[in-house]
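Asks: The structure is given below, and queries will be raised subsequently.
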Amino acid sequence: MVPGLAFPIKPPRPPLDEAAIAELYRRCGALVLRRCRLLLRDPAEAEDALQEVFMRLLRYGASLEGERVPLSWLYRTAERCCFDRLRRRRREEPVDEAALAREPTPIDEALGSEAREVLGRFFHRLPDKLKRLALLHYLDGLPQERIAVELGWSRRTVGKKLRALAERAVRWKSGART
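Just so it is clear: in the sequence shown, position 92 is 98 by the working numbering, and no numbers are missing.
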């Protein structure tokens, strides 16, 4: 203990070695890239976001508990990178409708172009935590118990938030764009 400090100072952990990061990239890179493509709808920007995720892993990976980096950490980091890019994109340029139509996804195939556009506008107006909830539930199909663990909420809170999200979508669709 350093005199005058009320908490011990932990020595810094060694960074993850490059071989471990390369193996994670080999095993999980395609999954993370798919997530980035779904969110950004721009293949080049999705690849940039993927690189940013692994750069963050290189920089901050030593702070992770244990030696395994869970896919959920990579997804969460990818979502943050993508949401940051979307916020910057919104500030810098008007919505490029052509960019929204570039990369077809399973959701695209199930919805018509008008419904996709409405869904995209609704989704991008959500706070990040609700975006994450929507992705985990509707895109990944995770059960509420698993979502609760991922988000640090109770299962009951997840259920309430999903109901509130559905109600918000109905209000938004009916013209109350809040």
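Yeah, the Cβ is synthetic: ideal placement off N, Cα and C, and Gly gets one too.
1. Can you tell me which of the three DSSP states Ala28 falls into?
2. Would you mind sorting Tyr66 into buried or exposed? The rule is 16 or more other CB atoms within 10 Å of its CB.
3. Considering only the beta carbon of each residue, do Leu171 and Leu145 sit closer than 8 Å?
4. Is it a yes or a no for the segment 18-37 touching the segment 46-53, going by three-plus beta-carbon pairs under 8 Å?
5. How is Pro149 classed by DSSP in three states: helix, strand or coil?
6. If contact is defined by three or more beta carbon pairs under 8 Å, each pair taking one atom from either stretch, is the segment 81-91 in contact with the segment 55-65?
7. Can you name the start and end residues of the alpha helix (DSSP H) that Pro49 belongs to?
8. If I'm right that Gln150 touches Arg138 with Cβ under 8 Å, what's the distance once you round it to whole angstroms?
9. Taking Leu168 as the reference, give the member of Ser180, Gly181, Lys179, Leu141 with the closest Cα.
10. Expressed to the nearest angstrom, what Euclidean distance is found between the alpha-carbon atoms of Leu22 and Glu53?
11. In or out: Met7 buried (at least 16 other Cβ within 10 Å) or exposed?
12. Between which two residues does the alpha helix (DSSP H) holding Leu139 run?
13. Hey, out of Arg41, Glu156, Trp79, Glu24, whose CA is closest to Leu64's CA?
14. Look up Asp90 in the DSSP assignment and say whether it is helix, strand or coil.
15. Can you tell me whether Leu80 sits near the ligand HEM, meaning its C-beta is under 7 Å from at least one heavy atom of the ligand?
16. Considering just the uninterrupted stretch of the alpha helix (DSSP H) at Gly165, what are its terminal residues?
17. With a 10 Å radius around its C-beta and 16 neighbouring C-beta atoms as the bar for buried, classify Val176 as buried or exposed.
Replies: Looking at the coordinates:
1. Ala28: helix per DSSP, three-state reduction.
2. Label assigned to Tyr66: exposed.
3. Their beta carbons are not under 8 Å apart, which means Leu171 does not touch Leu145 by this criterion.
4. By the criterion of at least three beta-carbon pairs nearer than 8 Å, the segment 18-37 is not in contact with the segment 46-53.
5. The answer is coil: DSSP assigns Pro149 none of H, G, I, E or B.
6. Result yes; three or more Cβ-Cβ pairs closer than 8 Å.
7. That run of the alpha helix (DSSP H) goes 49-66.
8. Actually they do not touch by this definition, with Cβ atoms about 14 Å apart.
9. Nearest to Leu168 by alpha-carbon distance, out of Ser180, Gly181, Lys179, Leu141, is Leu141.
10. Cα to Cα, the separation comes out at about 22 Å.
11. For Met7, the pLDDT reaches just 48, beneath the cut-off of 50, and the residue's location in the model is therefore unreliable, leaving the point undetermined.
12. 134-140 is the extent of the alpha helix (DSSP H) around Leu139.
13. Answer by Cα proximity: Glu24.
14. Helix, per DSSP.
15. Absence of the ligand HEM is noted for the structure shown, with no ligands found whatsoever.
16. Where Gly165 is concerned, the enclosing alpha helix (DSSP H) starts and stops at 161-179.
17. The residue is exposed, with fewer than 16 neighbouring Cβ atoms inside 10 Å.
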